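Chains as they are written, first to last, in our numbering: chain A, 285 to 809; chain B, 285 to 809.
Worksheet for the structure shown next.
2 protein chains.
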Amino acid sequence: MTPEGNLLIGQQAVRGPGAAIHAINPTTGETLEPGYAAGSQAEVERACELAWTAFDTYRETPLETRAAFLEAIADEIEAIGDALTERGMAETGLPRARLEGERGRTCGQLRLFASVVRAGEWLDVRVDPALPERAPMPRPDLRQRHVALGPVAVFGASNFPLAFSVAGGDTASALAAGCPVIVKAHSAHPGTGELVGRAVQAAVAKCQLPEGVFSVLYGSGREVGQALVRDARIKAVGFTGSRGGGTALVHAAQSRREPIPVYAEMSSINPVFPLPAALKARGEEMAKAFVGSLNMGAGQFCTNPGLIIAEKGPALDGFIAAAGEALKESASQTMLTPGIHDAYTQGVEKLSRHGQVREVSRGKSGETPNQCQSALFVTSAADFLKDEVLQEEVFGASSLVIECADANEVKQIAEHLEGQLTVTLQMDDADLDAARTLLPTLERKAGRILVNGWPTGVEVCHAMVHGGPYPATSDSRTTSVGSAAIFRFLRPVCYQNLSDALLPEALKESNPLALRRLVDAKRES
Amino acid sequence: MTPEGNLLIGQQAVRGPGAAIHAINPTTGETLEPGYAAGSQAEVERACELAWTAFDTYRETPLETRAAFLEAIADEIEAIGDALTERGMAETGLPRARLEGERGRTCGQLRLFASVVRAGEWLDVRVDPALPERAPMPRPDLRQRHVALGPVAVFGASNFPLAFSVAGGDTASALAAGCPVIVKAHSAHPGTGELVGRAVQAAVAKCQLPEGVFSVLYGSGREVGQALVRDARIKAVGFTGSRGGGTALVHAAQSRREPIPVYAEMSSINPVFPLPAALKARGEEMAKAFVGSLNMGAGQFCTNPGLIIAEKGPALDGFIAAAGEALKESASQTMLTPGIHDAYTQGVEKLSRHGQVREVSRGKSGETPNQCQSALFVTSAADFLKDEVLQEEVFGASSLVIECADANEVKQIAEHLEGQLTVTLQMDDADLDAARTLLPTLERKAGRILVNGWPTGVEVCHAMVHGGPYPATSDSRTTSVGSAAIFRFLRPVCYQNLSDALLPEALKESNPLALRRLVDAKRES
Chain A
285 MTPEGNLLIG
295 QQAVRGPGAA
305 IHAINPTTGE
315 TLEPGYAAGS
325 QAEVERACEL
335 AWTAFDTYRE
345 TPLETRAAFL
355 EAIADEIEAI
365 GDALTERGMA
375 ETGLPRARLE
385 GERGRTCGQL
395 RLFASVVRAG
405 EWLDVRVDPA
415 LPERAPMPRP
425 DLRQRHVALG
435 PVAVFGASNF
445 PLAFSVAGGD
455 TASALAAGCP
465 VIVKAHSAHP
475 GTGELVGRAV
485 QAAVAKCQLP
495 EGVFSVLYGS
505 GREVGQALVR
515 DARIKAVGFT
525 GSRGGGTALV
535 HAAQSRREPI
545 PVYAEMSSIN
555 PVFPLPAALK
565 ARGEEMAKAF
575 VGSLNMGAGQ
585 FCTNPGLIIA
595 EKGPALDGFI
605 AAAGEALKES
615 ASQTMLTPGI
625 HDAYTQGVEK
635 LSRHGQVREV
645 SRGKSGETPN
655 QCQSALFVTS
665 AADFLKDEVL
675 QEEVFGASSL
685 VIECADANEV
695 KQIAEHLEGQ
705 LTVTLQMDDA
715 DLDAARTLLP
725 TLERKAGRIL
735 VNGWPTGVEV
745 CHAMVHGGPY
755 PATSDSRTTS
765 VGSAAIFRFL
775 RPVCYQNLSD
785 ALLPEALKES
795 NPLALRRLVD
805 AKRES
Chain B
285 MTPEGNLLIG
295 QQAVRGPGAA
305 IHAINPTTGE
315 TLEPGYAAGS
325 QAEVERACEL
335 AWTAFDTYRE
345 TPLETRAAFL
355 EAIADEIEAI
365 GDALTERGMA
375 ETGLPRARLE
385 GERGRTCGQL
395 RLFASVVRAG
405 EWLDVRVDPA
415 LPERAPMPRP
425 DLRQRHVALG
435 PVAVFGASNF
445 PLAFSVAGGD
455 TASALAAGCP
465 VIVKAHSAHP
475 GTGELVGRAV
485 QAAVAKCQLP
495 EGVFSVLYGS
505 GREVGQALVR
515 DARIKAVGFT
525 GSRGGGTALV
535 HAAQSRREPI
545 PVYAEMSSIN
555 PVFPLPAALK
565 ARGEEMAKAF
575 VGSLNMGAGQ
585 FCTNPGLIIA
595 EKGPALDGFI
605 AAAGEALKES
615 ASQTMLTPGI
625 HDAYTQGVEK
635 LSRHGQVREV
645 SRGKSGETPN
655 QCQSALFVTS
665 AADFLKDEVL
675 QEEVFGASSL
685 VIECADANEV
695 KQIAEHLEGQ
705 LTVTLQMDDA
715 DLDAARTLLP
725 TLERKAGRIL
735 VNGWPTGVEV
745 CHAMVHGGPY
755 PATSDSRTTS
765 VGSAAIFRFL
775 RPVCYQNLSD
785 ALLPEALKES
795 NPLALRRLVD
805 AKRES
């Protein structure tokens, strides 16, 4: 399978009318063929019309059909074989092992949602049977299920060309919920996107689903994306990217005649709190693990540990020194795109020149283009509280240590933080009281709280929350990773006194889908 | 208990600094004492500070404590006795039986949420145990629960002075979720609001909860409400009222530094589709039941049937004639406020003068102030499709019949509708195919679908959905009535590798709260 440079609209491969977008191999600077001619309003219109036409059919497909479709997508992605990894490596500079791992994660995610669809808990079936004799008013028969919101626009991320892209988490959860998906593929890895998109197309055909269930569009700038979000047939948006990009989509969605939900994962600096006893007992070991997490994927993870907050003193000095040493030995790594590399370089320079920030050390510099040279900085709590700039995400392997006078100042910094995807405690048993004091604040700030781990690495499972208060995401009530993500694309509908002949399968009296329902306030086992 | 004209800030009764707001008895036009001096930014600030201080404590109260608190509120409301009904009648013009029924519903709602809190399903506990031996990477221990969003601002509705007001559905569900509540009481029934607010205050004291769990503010215009929604300590908003009011709150919430969710229930005309066989078999009987629903509470229900859509012909002519006759006999009823009466009169006049609308009949006119004279109009499908004005809600006992050429035009009208709280089918067995054809459209348009009933009357239970696509509400993913409303005020948090000593009760390994958890993808019974 080789990339052909086409938009995928339903079952068609279409040449866009716009200027060609070329991926750049960030390792070499080389321009990659083919070019992807950008879509226009006409292609957005066509994809939306197909999605809308498919919606009523697709959302009522039997659970088994939909689950088999998700599994077929995973099979088709695996069937691409090494061509996908090769293209991904060329477009992103990410190493083979990482992309193979990410493919496994992406296919595992699709299969997890297949199991979720089959189990049917997401339908949240509730039945309050009629009480015709109740006084003063009888109760009608009332039944509730969840239905799909409608066609969903998904914006692929730069940093996970498979797991958060064309057939990534947003696509998997939306398809699982019964929503057709139109992907605006990321321009940094269009070939990877096309290969995956063709795998989804093949799965649509094999499962004999309406073709409008899935399309992939390309476009530079914001034209195609904005047109997509403004189209009346789109009913929700999934996005992973920058705060600026996410905010623009939220505004577009809110200014529609019918505003729609946007699930934008945007910005997080993932604070880590080494507590005193742990810092004293194992500061050096912690420093090495921290640098390992910081450097993972050239620091280009949403959960990269960008902030270390601890009480100052010899233990923290030791941690900083050890981290600085480890960082100096860090090999440089290729960043995803020249743009990301430029932004990283500027962000690091801004910190480097900041009057109240001290540079601890830098990693090794690279000799090829777009190399990330890791960076570690220190500032005081007082200075951090004074300057909002210090709370901005620097996307890449840069981190800032905040020295606090005491535990109260640590807590003050925690309260001052914006919303985060993760917060991490490094603690020993003797730190338990300190951890308990911080925990209520941390729960208000983040979607995931870790103890004695590092935030990079997001398990795809039922209990995961990859989300958090603004600006980590635009909607803290959900997650973008893990099975609970299906609820983002659903809404409840209540059916009053419908005959069994008219009720949807999930709500029929005989419970033909064998769902675990809430009947008359009691949970069926 | 007599109203005293005070703001309730925590356990204090406070005289506001602003101009006094007086309720008006709509039946007599008489101004009611006492005046409620409006709050200012200072009172908003004080209530928010107390709510914020109370939040971390309140959200972690044991389930039993919180359930008992909700029950105590119900008990205290009942203990006010007839003084509450008398004041409610004077402030709203609603009859005694209606207010007594509404009190029962309000207290029943609080007790329902007490049972929901105790059952603990809303915590949605998920556990993915550690897999230390898993290759290539071990899985950490991951546990998820729901936590409360934070202090909630609730805006009481004019039309349900108890069930959608100071201790109404929004307050009950937010308190159940663990959120402190600050109510902006409706200026049309401030005395009713104060009496109920003092009952909640008493329950807070009896249950020894932090006083900031609950406050009530008054203010005319939008100053107090906007200040409340803009306060950084408020984390969600519940609102029932007009489209203009709801939209203003959504904009205020979206323009905050940290945008927050707004659950605004705003506007619905609740279309009813009498299908051909049913219309032919029992059009007259249907017409009488329709007029009964239309006139309920002077038409001032959010679920009032404002639109009838059917195929034209003798059966529909018979329905219209019978409804017109029944309407002529309708006694006038007092509307809630002079403002609502004025808006109703203007809305009806606009229809009456509309070139493409025919007036069928009017109900009896009243001799006392603010009387609602019911109204029935007819237009054609073609004219309805051409003029957006005809889709605007006329709040009160006015309804519009749309004559369609055939079943296709009925479906076309259904597709053209904006989002609704309810849609209703009147059907017989012979209409089953027609109903099946319409159902997918109706599911996309409304939160509740009824067969052979009338939309007025909203059961408070587990399966209820009182919500729907925009503009019925600002967020179709939830309901404002029924036990599922608790999810509006929650967000998930994941805990990774926390020791049992640090984990919240709901997530401890021994499951001390005996919750029905999802453990390793399996549901515990």
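Note that the Cβ used here is the ideal one computed from N, Cα and C, for glycine as well.
Note that the structure is a prediction, hence the values are computed from the model and not measured.
Suppose the cutoff is 7 Å on Cβ atoms and the five residues either side in sequence are ignored; what does the same chain contact list for residue i look like?
{"i": "A:Asn736", "result": "Gln710 and Met711"}
{"i": "B:Pro474", "result": "Ile305, Ala307, Tyr320 and Tyr502"}
{"i": "B:Phe679", "result": "Gln584, Ile624, Ala627 and Tyr628"}
{"i": "A:Glu595", "result": "Pro560, Cys688, Asp690, Ala691 and Val694"}
{"i": "B:Val765", "result": "Gly453, Val742, Val744, Met748 and His750"}
{"i": "A:Ala565", "result": "Asp712"}
Using 7 Å as the limit for Cβ to Cβ distance, is residue i near chain E?
{"i": "A:Ile364", "result": "Absence of chain E from the displayed structure is noted, the protein chains being A and B."}
For the putative contact between residue i and residue j, defined by C-beta atoms under 8 Å, what is the C-beta separation to the nearest angstrom?
{"i": "B:Asp618", "j": "B:Asn654", "result": "Asp is not the amino acid found at residue 618 of chain B; the sequence shown has Thr there. Yes, B:Thr618 and B:Asn654 are in contact; Cβ-Cβ is about 6 Å, under 8 Å."}
{"i": "A:Pro472", "j": "A:Leu620", "result": "It should be pointed out that residue 472 of chain A corresponds to Ala in this sequence rather than to Pro. Between A:Leu620 and A:Ala472 the Cβ distance is about 6 Å, and since that is below 8 Å, they are a contact."}
{"i": "A:Arg800", "j": "A:Glu808", "result": "6 Å"}
{"i": "A:Leu802", "j": "A:Arg410", "result": "4 Å"}
What's the gap between the Cα of residue i and the Cα of residue j?
{"i": "B:Val401", "j": "B:Arg527", "result": "32 Å"}
{"i": "A:Gly505", "j": "A:Gly434", "result": "25 Å"}
{"i": "B:Val513", "j": "B:Gly525", "result": "16 Å"}
{"i": "A:Gly647", "j": "A:Ala610", "result": "8 Å"}
{"i": "A:Thr312", "j": "A:Thr652", "result": "7 Å"}
{"i": "B:Asn588", "j": "B:Ala681", "result": "8 Å"}
{"i": "A:Ala358", "j": "A:Ala338", "result": "21 Å"}
{"i": "A:Thr476", "j": "B:Asp412", "result": "32 Å"}
On the CB-based measure, 16 or more other CB atoms within 10 Å of its CB, does residue i come out buried or exposed?
{"i": "B:Gly639", "result": "exposed"}
{"i": "A:Gly365", "result": "exposed"}
{"i": "B:Thr315", "result": "exposed"}
{"i": "A:Gln325", "result": "exposed"}
{"i": "B:Ala414", "result": "exposed"}
{"i": "A:Arg418", "result": "exposed"}
{"i": "B:Gln630", "result": "exposed"}
Grouping DSSP H, G and I as helix and E and B as strand, with all else coil, what is residue i?
{"i": "B:Ile518", "result": "coil"}
{"i": "B:Glu549", "result": "strand"}
{"i": "A:Tyr342", "result": "helix"}
{"i": "A:Ile697", "result": "helix"}
{"i": "A:Ile592", "result": "strand"}
{"i": "B:Glu609", "result": "helix"}
{"i": "B:Arg429", "result": "strand"}
{"i": "A:Phe557", "result": "strand"}
{"i": "A:Ala469", "result": "coil"}
{"i": "B:Asp412", "result": "strand"}
{"i": "B:Thr757", "result": "strand"}
{"i": "B:Cys778", "result": "strand"}
{"i": "A:Arg506", "result": "coil"}
{"i": "B:Arg540", "result": "coil"}
{"i": "A:Ser767", "result": "helix"}
{"i": "B:Glu687", "result": "strand"}
{"i": "A:Ser577", "result": "helix"}
{"i": "A:Val488", "result": "helix"}
{"i": "B:Gln295", "result": "coil"}
If you drop the 5 nearest sequence neighbours on each side, which residues of the same chain put their C-beta closer than 8 Å to that of residue i?
{"i": "B:Arg389", "result": "Leu446, Ala447 and Val744"}
{"i": "A:Leu479", "result": "Met285, Pro287, Ile364, Ala367, Leu368 and Arg371"}
{"i": "A:Glu348", "result": "Arg402"}
Compute every distance between the C-beta of residue i and the non-hydrogen atoms of the ligand MN, then say whether any falls below 6 Å.
{"i": "A:Glu651", "result": "The ligand MN is not part of this structure, which contains no ligands at all."}
Within the same chain, show all residues whose beta-carbon is closer than 6 Å to that of residue i, passing over the 5 residues directly before and after it, in chain order.
{"i": "A:Val497", "result": "Ala338, Tyr342, Pro464 and Val488"}
{"i": "B:Ala606", "result": "Glu568 and Ala571"}
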